[in-house]
Each structure stands twice: as structure tokens, then as C-alpha cells.
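Residue numbers (the working numbering), protein chains in the order written: chain Y, 120 to 349; chain B, 2 to 104. Glycine included, C-beta positions come from ideal geometry on N, C-alpha and C. Values in this document were obtained by computation on a predicted structure and should not be read as measured data. Below is one structure; the comments refer to it alone.
Spelled out as C-alpha cells, the structure:
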């Protein structure tokens, strides 16, 4: 999902930075608030953030014959919401811009917006929608992770399409082109990511259900029943 | 017993299918280079604008890893940082749970 340094015109870099900044600032405020509230949240934050570090470092081959990487943002989004997730995405993407030439400082705003904000927001919407339904907790987590991953690439396609409208078909035309490149590669990766993060979530439920209950991630009864079921 | 490990089994099956998909593509698709989709995206930008990919200069000067080896080393470091934190946290939790059980 990285837009490479130099591949977005300066105007768009600035626009995406301006849109991303309020989310990051609010994320930092939120981060301080929850850590002051309960220090027990820190390990969970570390673990969910660490999965973003790992998963976004894995370039996996896909059925289209090209490689891409998962985003790993779903778990952190479910536990801490999209704003805090955007701060973790900032750290990961900054690391990759500075040391790996993946993305860059000018396009960082655009990359944070896709991986750290739009993807997590979409995943969060799905999670909130399914949270209190009778659906299994694990299916909810799976769906949120898959959606967060796919919407990241959807947003990247939109960013590229807005900057480079096709001669024939305009913005919609180039969106189809970019989304075609990213989406088909990404679907299998998103499913693997969703399954793996769901399994991780199961282990968190088994080890530290009290933190999830106190964060209000899922209702207490759901967590209790999931613990006895699986 | 099986129910207890349902999620683990599903995960294993999905990962195996994923590997199978890769092996199938790698052996049947001609010209599959398994390059990064970021690069394919950049190539599409170059095609749309009619400029060569090299003509896109970084807006902000950027350090680049000197070779693919160094790049993969740095990616491994990124994953290692994540792995250490996850091991630490889960170990901490398991220890915490054990301690609470004793009391």
C-alpha cells in the first residue's frame, strides 16, 4: 500500500497530511488518556502494535504473481479504536520511510491515511456493527481485520487515482486500474491476516479476559462464553 | 477436543491453502515475478503519466538501502522488534496468571 516517495504531487502530499494530522493528534491524546487510566493496558497495546510491526514487514506472494504485505491493523483497532491505531501506523510507516525507502516523508501523510486511518475506520465500523449481534466474537474480529486490510488498499487506489486521472475514464478509470492491481493481490493476504489475528485474539481472550472486559471490547458474557467454548 | 482447537485448525488450513496458491501460481503462471505490488503501482503511475519511472524524483531526499540484502535485513529487524514485544507481553501475562493462581 506504500505510495513511493516522489509518486504524489506536492499538493496532494500536503492535502493528505492535513487530513491525517487531526487523527494523529487525537490519537496521541487518546493514548495518554487510556494509559493514565490503567497501566494494565500497556502490554495489550504493545502486543497489538507489535503485530502491525510484524505483519507489515512480511511481503507475501499472492495468486496474481506479485507480492504484497498485510497491514495487521485490525486487532489494535478493535482493542483501542482507530485513532490510537493511526499513531502506531505512524511509527511503523516512519520506520519504513527512513530506513527502507518504502514510502517517504512527503507521502507519509497519504500512507498513514490509508493504512492508519481509513482501513482501521472501516474495520472499526464493521466491528461496532457486529459487536452486539449474536454472531460469534471471532467472526466479528475476522471480518474487522479483513475489512481494515482491504480498505487500506482501497484508499491507496483512491489517492493514486485522484492524483493521476486516466486520459480515458478520468479518476474512475485510473481507480479501476490501481484497485485492480492491489485488490486481487490483497484478498488472499487479507484472509490469512484475518485468520491469524483472530487466533491471536483467542489467546488474548484466554490469558487476559479482564483487560478486554474493562476496555469494553466485547460484552462480558460473550467473552466468558467464548472462554468456555473454545 | 477438536472443538477446543477449531480456530487453530482453521488457521492451519488457511495457511496451507495460501502456500498451495503460491506454489500453484509459481509453477503455472508465466512471467510471475513476485515483485512488490507497490512497484507495480508505481509502474502504472509511470504508464498513466507517460513518464519513465526514474523521472519521479523524491520530493524529500531519502536514504535507500544499498542492496536487497540490506533491505531484507532491515525488514527482518522490523519483524524482530515486533516478535520480541509479543513474546515479552504474552510471557508477562502467562507469568501474571500463574502468580495469581498461587495466591
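Residue i versus residue j: straight-line alpha-carbon distance, rounded
i: residue 255 (chain Y); j: residue 317 (chain Y); result: 11 Å
i: residue 214 (chain Y); j: residue 177 (chain Y); result: 15 Å
i: residue 100 (chain Y); j: residue 121 (chain Y); result: One cannot answer for residue 100 (chain Y) here, as it falls past the ends of chain Y, which runs 120 to 349.
i: residue 11 (chain B); j: residue 321 (chain Y); result: 13 Å
i: residue 167 (chain Y); j: residue 88 (chain B); result: 12 Å
i: residue 226 (chain Y); j: residue 34 (chain B); result: 26 Å
i: residue 221 (chain Y); j: residue 74 (chain B); result: 14 Å
i: residue 209 (chain Y); j: residue 175 (chain Y); result: 12 Å
i: residue 101 (chain B); j: residue 159 (chain Y); result: 15 Å
i: residue 319 (chain Y); j: residue 123 (chain Y); result: 31 Å
i: residue 281 (chain Y); j: residue 139 (chain Y); result: 17 Å
i: residue 135 (chain Y); j: residue 283 (chain Y); result: 15 Å
i: residue 306 (chain Y); j: residue 66 (chain B); result: 29 Å
i: residue 218 (chain Y); j: residue 42 (chain B); result: 21 Å
i: residue 132 (chain Y); j: residue 228 (chain Y); result: 7 Å
i: residue 293 (chain Y); j: residue 279 (chain Y); result: 8 Å
i: residue 199 (chain Y); j: residue 164 (chain Y); result: 8 Å
i: residue 161 (chain Y); j: residue 264 (chain Y); result: 21 Å
i: residue 314 (chain Y); j: residue 247 (chain Y); result: 19 Å
i: residue 30 (chain B); j: residue 186 (chain Y); result: 14 Å
i: residue 154 (chain Y); j: residue 86 (chain B); result: 17 Å
i: residue 5 (chain B); j: residue 253 (chain Y); result: 20 Å
i: residue 8 (chain B); j: residue 21 (chain B); result: 20 Å
Residue i (DSSP reduced to helix, strand or coil)
i: residue 176 (chain Y); result: coil
i: residue 125 (chain Y); result: coil
i: residue 195 (chain Y); result: helix
i: residue 185 (chain Y); result: strand
i: residue 36 (chain B); result: strand
i: residue 253 (chain Y); result: coil
i: residue 80 (chain B); result: helix
i: residue 27 (chain B); result: helix
i: residue 285 (chain Y); result: strand
i: residue 158 (chain Y); result: coil
i: residue 96 (chain B); result: helix
i: residue 140 (chain Y); result: helix
i: residue 135 (chain Y); result: helix
i: residue 307 (chain Y); result: helix
i: residue 51 (chain B); result: coil
i: residue 9 (chain B); result: helix
i: residue 63 (chain B); result: coil
i: residue 222 (chain Y); result: coil
i: residue 216 (chain Y); result: helix
i: residue 202 (chain Y); result: helix
i: residue 234 (chain Y); result: helix
i: residue 57 (chain B); result: coil
i: residue 120 (chain Y); result: coil
i: residue 295 (chain Y); result: helix
Buried versus exposed, by CB contacts within 10 Å (16 or more), residue i
i: residue 184 (chain Y); result: buried
i: residue 230 (chain Y); result: buried
i: residue 79 (chain B); result: buried
i: residue 339 (chain Y); result: exposed
i: residue 64 (chain B); result: exposed
i: residue 301 (chain Y); result: buried
i: residue 276 (chain Y); result: buried
i: residue 325 (chain Y); result: exposed
i: residue 52 (chain B); result: exposed
i: residue 329 (chain Y); result: exposed
i: residue 335 (chain Y); result: exposed
i: residue 25 (chain B); result: exposed
i: residue 257 (chain Y); result: buried
i: residue 151 (chain Y); result: exposed
i: residue 267 (chain Y); result: buried
i: residue 27 (chain B); result: exposed
i: residue 308 (chain Y); result: buried
i: residue 201 (chain Y); result: buried
Among the options, nearest to residue i - alpha-carbon criterion
i: residue 311 (chain Y); options: B:6, B:40, B:5 and B:16; result: B:16
i: residue 48 (chain B); options: Y:330, Y:309 and Y:296; result: Y:296
i: residue 386 (chain Y); options: Y:235, Y:203, Y:247 and Y:304; result: With chain Y covering only 120 through 349, there is no way to say anything about residue 386 (chain Y).
i: residue 39 (chain B); options: Y:299, Y:134, Y:334 and Y:347; result: Y:299
i: residue 181 (chain Y); options: B:4, B:9 and B:23; result: B:23
i: residue 240 (chain Y); options: Y:273, Y:218, Y:212 and Y:258; result: Y:273
i: residue 327 (chain Y); options: Y:212, Y:136, Y:306 and Y:346; result: Y:346
i: residue 76 (chain B); options: Y:188, Y:224, Y:315 and Y:152; result: Y:188
i: residue 126 (chain Y); options: B:58, B:86 and B:68; result: B:58
i: residue 69 (chain B); options: B:37, B:99 and B:30; result: B:37
i: residue 269 (chain Y); options: Y:190, Y:143, Y:206 and Y:196; result: Y:190
i: residue 211 (chain Y); options: Y:172, Y:348, Y:303 and Y:144; result: Y:172
i: residue 194 (chain Y); options: Y:144, Y:130 and Y:242; result: Y:242
i: residue 62 (chain B); options: Y:308, Y:216, Y:333 and Y:332; result: Y:216
i: residue 251 (chain Y); options: Y:197, Y:142, Y:341 and Y:309; result: Y:341
i: residue 249 (chain Y); options: Y:143, Y:337 and Y:201; result: Y:337
i: residue 92 (chain B); options: Y:323, Y:332 and Y:331; result: Y:323
Below-8 Å beta-carbon distance, residue i vs any chain A residue
i: residue 10 (chain B); result: Structure shown: chain A not included; protein chains present are Y and B.
In chain order, what are the residue ranges of uninterrupted alpha helix (DSSP H) at least 4 long that sit wholly in the segment 310–340 of chain Y?
328–334
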